[in-house]
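Okay, so the sequence shown: first residue is 1 according to this note's numbering, each after it adds one. Beneath this line is the structure, given in structure tokens, with notes to follow.
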Amino acid sequence: MSPPDRPEWSETGFPHIWLPYSQMKTTPRPVEAVATDGVRIRLADGRELVDGVASWWTACHGYNHPHIRAAVTDQLERMPHVMLGGFVHEPALTLARRLSEILPGDLGHVFFSESGSVSVEIAMKMAVQYWLNQGIKGRARFVSFRFGYHGDTIGAMSVCDPDEGMHTMFHGLLPEQIVVDLPRDDAGFEQFDRVLASRADEIAAVMLEPLVQAAGGMKFHDPSVLRRIAALCRKHDVLLVVDEIATGFCRTGTMFACEQAGVCPDIVTLSKSLTGGTMALAATVATDRVYDAFLSDRFDAALMHGPTFTGNPLACAAANASLDLFEREPRQDQAKRIEKQLLRDLQPCVGLPGVADVRCLGAIGVVQLDGPMDLNALRGRFVEKGVWIRPFGDIVYVMPPLVIEPEDLAVLTGAIIDVVGEWSAALSSGQ
Ligand SMILES: Cc1ncc(COP(=O)(O)O)c(C=O)c1O
């Protein structure tokens with residue numbers, strides 16, 4: 001769209017916004033979204049894009065689902081917000097109970113916050129204080145994994161991949177953690193076993209994204225890896241925090257990824273699809289073992305955390321409505337059907353010059369490239385093709401709404417084949 005065609009609000013507002021993950025000096029002017037419906041995003045110039053990203057992996061039921069809209073509207077009219085300090089309310093208590101019922105094992109104690117990163121911070125505080133409350137000092141470090149991503153706040157950054165988490169730039173600010181390669185074979189597990197054995201007395205917990213290291217490059221691992229990590233945590237009496245913020249709510253084909261490994265972590269973090277992608281809400285959920293360590297006659301054993309909007313009724317109402325949809329509609333089957341179609345339809349990318357790997361898991365399809373990518377140019381090409389697909393790092397991927405119909409999914413995969421094909425041909429011809 002040429003500048004004179006842009007809406008007035010865009011022209012006057014753009015100079016004043018500071019966008020996420022953007023070099024504001026050089027970033028291309030973003031497209032203006034004005035409405036969403038199902039799996040489509042409408043732009044100010046009238047074009048519609050089929051959405052392959054589900055708004056950073058949140059809009060699992062598609063946009064504007066009438067059931068969530070009705071629940072939020074009803075809650076908005078009765079009580080948009082009331083503090084959770086001193087009050088409780090139905091949306092938060094019902095949601096806490098329902099999450100406890102669907103999470104594995106005895107993960108039954110739910111602490112609400114408003115973003116994934118904050119839920120990770122809370123998990124880290126819980127894990128450290130778990131030991132302190134038992135009189136065990138010095139266990140304040142976390143073991144995390146290369147290619148891991150857990151958020152952008154200081155604690156969460158410290159357990160991200162050191163490069164992506166910009167550990168060098170923020171040296172002195174970030175707590176020092178133990179970031180290791182994800183073990184994938186016997187030698188890797190022996191090494192991991194040695195790290196836990198030699199440093200267990202300084203480790204609070206191991207922190208892992210189950211089955212998919214998402215923002216670190218959509219790297220998959222087998223459920224047996226998660227199972228073996230959980231077993232080693234038990235062996236060395238180290239807590240296991242599983243970050244299901246990206247994987248939770250059927251993204252990998254089961255409600256929670258850790259189900260596929262039969263693992264019940266000590267603490268789990270949830271966000272993104274928790275409200276069906278409609279509102280900011282996150283949860284840090286602990287097992288009885290962790291929770292019980294905070295029960296005491298001493299007040300200072302309590303968890304000292306309380307975001308202003310913790311348990312926001314509107315967001316909890318949206319999450320309860322989202323859980324209704326998971327109960328009523330076949331999201332697991334839809335994720336499995338998406339996986340099947342992605343595996344088939346992305347095949348033409350396999351073997352193209354510059355394509356390093358094509359992989360799919362649940363409703364995640366990834367084409368990994370090995371060659372110079374102009375991310376902005378590729379993103380622009382996808383918009384020209386009528387789809388919303390945003391490559392990052394070395395990957396082109398889709399994580400669409402779980403309700404996407406096969407025809408719309410074919411539009412996404414068709415665009416990937418075209419755009420990756422063009423990129424590959426240009427690479428081969430040395431352009
Ligand atoms: C696995 C994981 N953990 C944590 C986060 C951070 O969540 P938020 O962006 O809501 O702070 C993300 C976000 O992408 C994530 O994928």
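Heads up, the beta-carbon is just placed ideally off N, CA and C, and yes, glycines get one too.
Is any heavy atom in ligand 1 found nearer than 6 angstroms to the beta carbon of Asp-243?
Under cutoff, so the answer is yes.
For Met-1, which residues in the same chain have their Cβ closer than 6 angstroms to its Cβ, ignoring the five residues on either side in sequence?
With a pLDDT of 48 at Met-1, under the threshold of 50, the predicted position of this residue should be treated as unreliable, though the coordinate-derived value follows. The answer, listed in chain order, is Asp-45.
Per DSSP, the bridge partner or partners of Val-387
The secondary-structure analysis by DSSP pairs Val-387 across a beta bridge with Val-50.
Contacting residues, own chain, Cβ-Cβ under 8 angstroms from Val-195 (five flanking each side not counted):
For Val-195, same chain residues with a beta-carbon under 8 angstroms away, outside a window of 5 residues either side, are Val-143, Ile-178 and Val-180 in chain order.
Buried or exposed for Thr-252, going by 16 or more other Cβ atoms inside 10 Å?
The residue is buried, with at least 16 neighbouring Cβ atoms inside 10 Å.
Assuming Gly-354 and Asp-370 are in contact, meaning their beta carbons sit under 8 angstroms apart, how far apart are those beta carbons, in whole angstroms?
Between the beta-carbon of Gly-354 and that of Asp-370 there is about 6 angstroms, and that keeps the pair under the 8 angstroms contact cut.
Whose CA, out of Pro-391, Asn-133 and Val-290, lies closest to the CA of Leu-239?
Of the candidates Pro-391, Asn-133 and Val-290, the one whose C-alpha sits nearest the C-alpha of Leu-239 is Val-290.
Cys-60 - DSSP class collapsed to helix/strand/coil
For Cys-60, the three-state secondary structure derived from DSSP is coil.
Residues of its chain near Ala-302, where Cβ-Cβ distance is below 7 angstroms and the 5 sequence neighbours each way are ignored:
Within the same chain, Ala-302 has close Cβ partners Phe-294.
Thr-413: buried (16+ other C-beta within 10 angstroms of its C-beta) or exposed?
Thr-413 is buried by the Cβ-count criterion.
Please classify Thr-27 as buried or exposed, where buried requires at least 16 neighbouring CB atoms within 10 angstroms.
Only exposed fits Thr-27, as fewer than 16 other CB atoms lie within 10 angstroms of its CB.
Could you have a look at Val-396 and say whether DSSP puts it in helix, strand or coil?
Note: Val-396 maps to strand in three-state DSSP.
Where do the N-terminal and C-terminal ends of the alpha helix (DSSP H) with Gln-332 fall, by residue?
DSSP places Gln-332 in the uninterrupted alpha helix (DSSP H) bounded by 331–345.
Nearest to Ser-55 by alpha carbon, out of Ala-187, Asp-37, Asp-243 and Met-83?
Nearest C-alpha to Ser-55: Asp-37.
Reducing DSSP to helix, strand and coil, say where Leu-412 ends up.
It is helical.
Determine the contact status of Ser-123 and Val-241, defining contact as a CB-CB distance below 7 angstroms.
Checking the displayed sequence, the identity of residue 123 turns out to be Ala instead of Ser. Less than 7 angstroms divides the Cβ of Ala-123 from the Cβ of Val-241.
Checking contacts by CB at 7 angstroms: is Ile-364 closer than that to chain C?
Going by chain labels, chain C is absent from the structure shown, which holds only one protein chain.
DSSP bridge partner residues for Gly-38 (one or two, in chain order):
Its beta-bridge partners are Tyr-63.
Are there any heavy atoms of ligand 1 lying less than 6 angstroms away from the beta-carbon of Ser-271, as far as the coordinates show?
Indeed, a heavy atom of ligand 1 lies less than 6 angstroms from the Cβ.
When the Cα atoms are used, what is the spatial distance from Ser-296 to Arg-184?
Cα to Cα, Ser-296 sits roughly 40 angstroms from Arg-184.
Check for me: the alpha helix (DSSP H) holding Val-225 runs from which residue to which?
Segment 223–235, the alpha helix (DSSP H) holding Val-225.
In the DSSP assignment, what residue or residues form a beta bridge with Gly-365?
DSSP output for Gly-365 lists Cys-360 and Val-398 as bridge partner(s).
Is the CB-CB distance between Ala-257 and Gly-116 below 7 angstroms?
The criterion of a C-beta distance shorter than 7 angstroms is not satisfied by Ala-257 and Gly-116.
Less than 7 angstroms between the C-beta atoms of Pro-406 and Ser-113, yes or no?
Result no, Cβ atoms of Pro-406 and Ser-113 do not sit closer than 7 angstroms.
Can you find a heavy atom of ligand 1 that lies under 6 angstroms from the Cβ of Gly-116?
Taking non-hydrogen atoms of ligand 1 into account, the C-beta of Gly-116 is found less than 6 angstroms away from one of them.
Hey, which unbroken runs of the beta strand (DSSP E) at 3 residues or more fall wholly within the stretch 128–202?
The stretch 128–202 contains these whole beta strand (DSSP E) runs: 141–145 and 178–180.
Nearer than 6 angstroms: is that true of the beta carbon of Gly-86 relative to any heavy atom of ligand 1?
Checking the Cβ of Gly-86 against ligand 1 gives no.
What are the start and end residues of the beta strand (DSSP E) that includes Leu-239?
For Leu-239, the uninterrupted beta strand (DSSP E) run begins and ends at 239–243, by DSSP.
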